Amino acid sequence: MATKTTTKKSTKKKTTRKAPQKKLVIVESPSKAKTIEKYLGRTYKVVASVGHVRDLPKSRMGVDIENDYQPEYISIRGKGSVIKELKKDAKNAKAVYLASDPDREGEAIAWHIATLLKDSNENLNRVTFNEITKDAVKESFNEPRQINMNLVDAQQARRVLDRLVGYSISPILWKKVKKGLSAGRVQSVALNLIIKRENEINNFKPEEYWTLDAEFKKGREKFAASFYGIDGQKTKLPNNEAVQQVLGQLDRKAPFLIENVERKERRRAPQPPYTTSTLQQDANRRLNFRTRKTMMAAQQLYEGINIGQGAAVGLITYMRTDSTRISELAKHQAAEFIHDQYGAEYAATKPRKGKLPEGAQDAHEAIRPTSVLRTPASIKQYLTNDQYKLYNLIWCRFVASQMTAQVTDTMTVTITQGQVNFRANGSKVKFPGFTKVYKRGDEKDNLLPDLAVGDQVTMVKDDPAQHFTQPPARYTEAALVKALEENGVGRPSTYAPTLDTIQRRYYVRLVSRHFEPTELGEIVDTIISEQFPEIVNVKFTADVEQNLDAVEAGKENWVKVIDDFYQPFAKEVAQAEDQVAKIEMRDELAGQDCDICGAPMVIKMGRYGKFYACSRFPNCRNTKAIVKDTGITCPKCGQGTVVERKSKRNRTFYGCSRYPDCDFVSWDRPIDRKCPKDGHFLVEKKVKGGKQVVCPNGDYQEEVQK
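Note that the sequence shown covers residues 1 to 706 in full-length UniProt numbering.
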């Protein structure tokens, strides 16, 4: 009988391998996260907090004045899902690295995130890097540190101070003037500077003065000179009578004598690399960039651009800095580049360090390219137009800062007849130095003939001219940033939002790139100046900034700094509540009736200026823009007239009064003449030095009208 054998199957348990824990890195922006994750590799997970996760509440003061000014932080609305994901990622991470920006605000963001994540992961580390390049990022992770509470306290003190000022003064402005107004430490000083300058302009009394230019000739060569003085003493020409007295002493037919020829060699050193403030100023002057636009483009260049090498790379160092220091490695790389591209004679043997403004922080380098080898031309195809323009500016300024001085031969000639002295100045660039890379527009030669003492020259013509002294110019964005920096008011990160705020509140408006105060701005400034004189006191505000710097350095306690400020300030707030009279901003009658209900229209003040509104508001919500009629017939439809309007960005443009029936529009002001070449309408265009009439349809243009 056969026996049946059975074989037993061996069953092995399948073991699932647990995925190794990754290290979590938290930065502010998603674009920065992508760049850094490619540098760090698979063992790291990089996520973005998308800026701040906690802040003071908007609905109330949020500062416990009775309990050492402790801030009452809450999670920012809309950040709930972000915080939830951060906690989840932190719980599953081997370690957490907080890699927000390397400044006070970045340190505060890191501290806020650490406070939220401390129960999810105890292994919390802080890393910072001045540039987002592979080497810089990896090196920073080799040296993690703890959060610097001095930096956090300095930022926290600034935030609390600004909240105490804003939430104490703003309600008074709402009650006494109108709702929606605001006040702040830095913005109030900026507004006050603009209004003081406007008062200087209004109170300015022009003074007459004259100049006496002349044209001389030696042989066939002509050259220009100007009246200098009598008997070698510089003499002013206050009026035409003084000019005629000088001309009365001259014999036009007699020769003039070259009395003195002075030749000198002038050396002009390059400027240091950019700080935040100088970058904002230069971008405004050279590129016509608004401050906000400059910082936006700089942020993109810092966080990383894909330039066809796989991973994105940060093209510039951190863009919020007031230091002109640069690393030894960057100096060495620049020196090699200059040697190779321009020659050894262009490379500075001792690179210069610019003088820092008082109170400047030297924690970061100046703004420079992360690699001088990435020339603007080599990466232009990967950048937007704005990014390229700004990168080119930063690259050129940095390279120039490491180059030799420009050398210019100058020649000053004194021309005399009797007691009357004229002077002529000539110059010729002997060696371009740094201007080979970074031109300033004044490098042209101004050559004089070969003149020597004792030579005789003849006067070809004289050209006396009357002038009047001019008032100081209104602030441009660049000039205002410079004034704030020179006075020690604010810090690099505060300038752009400050200028943005005073425009959004309609305290000032930009007209031809210059700030003009509005009626509302003048009312607000008067109240703050009279009731809170310390707030608009430049020196006082600068002292507050120095105290915040002392907190950062660990030399001052942040609570004491706030208390020293707040105790006298609180008394001023209490007095202002009683002393400031309510200002009635009455609506003016517009002189026309509402198209909808027939009630009178009035002129109201809005965020973007004055506008027409129905007097029966809110029962009738009819509104109209206030337009200025030029009286010129519309060149498109021939029925309406051309009116001056404002765009959403407060830029002036011209359109037909029959819009939307006629869609004629022009940025330049049309005039009541036709082009002699093709019959197209002509426009008046603003150009350097005045206005010019041109044809937008062709190449016809007339001379510039000064």
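A virtual CB, placed ideally from N, CA and C, is assigned to each residue, including glycine. Small disclaimer: the values here were computed from a predicted structure and weren't measured.
What are the uninterrupted segments assigned as beta strand (DSSP E) that are 3 or more residues long and contained completely in the segment 358-430, given in chain order? The segment 358-430 contains these whole beta strand (DSSP E) runs: 406-417.
Have a look at Thr-404, Ala-224, Leu-589, Thr-526 and flag the residue whose alpha-carbon is nearest the alpha-carbon of Val-457. Ala-224
Neighbourhood of Gln-579 by C-beta distance below 8 Å, restricted to the same chain and skipping five residues each side: Gln-531
How would you call Val-453, buried or exposed, if buried means at least 16 neighbouring beta carbons within 10 angstroms? exposed
Report the rounded CA-to-CA distance for Glu-577 versus Ile-172, giving the unit in angstroms. 7 Å
Could you confirm whether any beta carbon from chain B is found closer than 7 Å to the beta carbon of Asp-563? The structure shown contains no chain B; it is built from a single protein chain.
Between His-52 and Gly-638, what straight-line distance do the alpha-carbon atoms span, to the nearest angstrom? 56 Å
For the segment 370-378 against the segment 394-401, are there 3 or more C-beta pairs whose distance is under 8 Å? yes
Classify Ser-81: buried if its beta carbon has 16 or more other beta carbons within 10 angstroms, exposed otherwise. exposed
Throw me the rounded Cβ distance for the Gln-249 and Val-420 pair, which I believe falls under 8 Å. 5 Å
Would you list the residues sitting across from Ser-666 in a DSSP beta bridge? Tyr-654
Out of Ala-483, Gly-304, Ile-132, which one is the CA nearest neighbour of residue 736? For the chain, the structure presents residues 1 to 706; residue 736 sits outside this window and is missing.
Cβ-Cβ separation, Ala-405 to Ala-242 (assumed contact under 8 Å), whole Å: The pair is not a contact, with the Cβ atoms about 41 Å apart (cut-off 8 Å).
In the DSSP assignment, find the unbroken alpha helix (DSSP H) run with Arg-185 in it and report its ends. 185-203
Nearest to Lys-691 by CA position, among Ser-647, Val-683, Gly-698, is which residue? The candidate whose alpha carbon is nearest that of Lys-691 is Val-683.
Straight-line Cα distance separating Ala-93 from Asn-130: Spanning the two alpha carbons is a distance of roughly 25 Å.
Taking all protein chains shown into account, decide if Arg-673 is buried (16 or more other Cβ within 10 angstroms of its Cβ) or exposed. Residue environment analysis places Arg-673 among the exposed positions, since fewer than 16 neighbouring C-beta atoms fall within 10 angstroms of its C-beta.
At what residue ranges does the segment 204-261 contain a whole run of the alpha helix (DSSP H), taking only runs of 4 or more? 240-248
What do you get for Asp-629, buried or exposed, if any count of 16 or more other CB atoms within 10 angstroms of its CB means buried? With fewer than 16 Cβ atoms within 10 Å of its Cβ, Asp-629 is classed as exposed.
Just mark Val-665 as buried or exposed, buried being the case when its beta carbon has 16 or more other beta carbons within 10 Å. So Val-665 ends up on the exposed side.
Specify, as a first and last residue, the run of the beta strand (DSSP E) that Asn-130 falls within. Counting along the chain, Asn-130 falls outside any beta strand (DSSP E), and DSSP gives it neither H nor E.
Could you round the C-beta distance between Ile-65 and Ile-132 to whole angstroms and report it? I think they count as a contact, below 8 Å. Incorrect: roughly 41 Å between the Cβ atoms, too far for contact.
Find the nearest neighbour of Lys-428 within the set Ser-277, Glu-534, Arg-491, Asn-446, judged by alpha-carbon distance. Asn-446
Look up residue 710 in the DSSP assignment and say whether it is helix, strand or coil. Since the first residue of the chain shown is 1 and the last is 706, residue 710 is not available in this structure.
From this set, Lys-560, Leu-181, Asp-103, which residue's C-alpha is nearest Asn-67's C-alpha? Lys-560
Does the Cβ-Cβ distance between Ser-170 and Ala-190 come in under 7 Å? no
Only counting the same chain, and skipping five residues up and downstream in sequence, which positions put a Cβ closer than 7 Å to that of Gln-300? Here the set comprises Gln-387.
Taking 7 Å as the threshold (C-beta atoms), are Met-403 and Phe-434 in contact? yes
Among Asp-500, Thr-276, Glu-72, which one has its Cα closest to the Cα of Lys-58? Selection Asp-500, Thr-276, Glu-72 evaluated against Lys-58 yields Glu-72 as nearest (Cα-Cα).
Since Lys-87 contacts Leu-124 with CB under 8 Å, what's their CB separation in whole angstroms? Wrong, their Cβ atoms sit about 13 Å apart, outside the cutoff.
Can you tell me which of the three DSSP states Tyr-475 falls into? coil
With respect to the beta strand (DSSP E) encompassing Val-511, which residues constitute its N-terminal and C-terminal limits? 508-511
In whole angstroms, what separates the C-alpha of Pro-600 from that of Gln-592? 6 Å
Local conformation of Phe-532 per DSSP, three classes: coil
Need the endpoints of the alpha helix (DSSP H) that Lys-87 sits in, please. In this chain, the alpha helix (DSSP H) harbouring Lys-87 covers 80-91.
Tyr-495, enclosing alpha helix (DSSP H) - first and last residue: 495-504
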